[in-house]
Amino acid sequence: METDDRSYLNKIDAQTLIALQGLSPDENPVVSAAVEWKQTPTSTELQWIADAGGQWQSPAGLAPTSIQTLRLPVRAIEGVARMPSVLSISAGQPMGSSGAGEMPPTARPDGQP
Numbered sequence: 030m031e032t033d034d035r036s037y038l039n040k041i042d043a044q045t046l047i048a049l050q051g052l053s054p055d056e057n058p059v060v061s062a063a064v065e066w067k068q069t070p071t072s073t074e075l076q077w078i079a080d081a082g083g084q085w086q087s088p089a090g091l092a093p094t095s096i097q098t099l100r101l102p103v104r105a106i107e108g109v110a111r112m113p114s115v116l117s118i119s120a121g122q123p124m125g126s127s128g129a130g131e132m133p134p135t136a137r138p139d140g141q142p
């Protein structure tokens, strides 16, 4: 009988789960993630996110049931989903492996390579 509780996976949207499963073992790109809180996160949860490399994008203040975006290494998504304060989490496209969010040369707004 399996004792590993994987119910936290229900907090992660389907597209993000598929993307996580498709990663090679050495891939861990930084993504923009939307986190929906069901209650104000604890200081321990906030510290875990910071230690995992998470950076808050918006909004600055925390309130129950608020949705916030952050930059986060994609492999940290499961850890965030395990947090009791999290209602749901979803991730966008990778922002770049360095985490700096650089745009590819062809996507620069000034049109330069």
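Residue numbers (this note's numbering): 30 to 142.
Where a beta carbon is used, it is the ideal one built from N, C-alpha and C, also for glycine.
Item to check | Distance CB(Ile41)-CB(Ile106) smaller than 9 Å | outcome: Annotated as proximal: Ile41 and Ile106, with beta-carbon spacing under 9 Å.
Next on the checklist: So the candidates are Gly83, Thr73, Tyr37 and Lys67; which of them puts its Cα closest to the Cα of Val103?
Outcome noted: With distances taken between Cα atoms, Val103 lies closest to Gly83.
Checklist entry - Which residues bound the alpha helix (DSSP H) around Ile78? => result DSSP places Ile78 in the uninterrupted alpha helix (DSSP H) bounded by Ser72 to Asp80.
Next on the checklist: Here's the rule I'm using: 16 or more other beta-carbon atoms within 10 Å means buried, otherwise exposed. How should Pro133 be labelled?
Outcome noted: Unreliable placement is indicated for Pro133, whose pLDDT of 36 sits below 50; no coordinate value is reported for it.
Next on the checklist: For Pro62, count the other beta carbons within 10 Å of its own beta carbon; 16 or more makes it buried, fewer makes it exposed. Which is it?
Outcome noted: Just to set this straight, residue 62 is Ala in the shown sequence, not Pro. That one is buried.
Next on the checklist: So, with DSSP's three-state summary, where would you put Ser114?
Outcome noted: Coil.
Checklist entry - What whole-angstrom Cβ distance do Thr98 and Gln86 have, given they're in contact under 8 Å? => result Rounded to whole angstroms, the Cβ separation of Thr98 and Gln86 is 4 Å, and the two are in contact under 8 Å.
Next on the checklist: Between Lys67 and Leu116, how many whole angstroms is the CB-CB distance? I'm expecting something under 8 Å.
Outcome noted: Cβ-Cβ separation between Lys67 and Leu116: approximately 4 Å, consistent with a contact (criterion under 8 Å).
Next on the checklist: Within 9 Å of any Cβ in chain C, is that where the Cβ of Gly121 sits?
Outcome noted: Note that chain C does not occur in the displayed structure, where there is just one protein chain.
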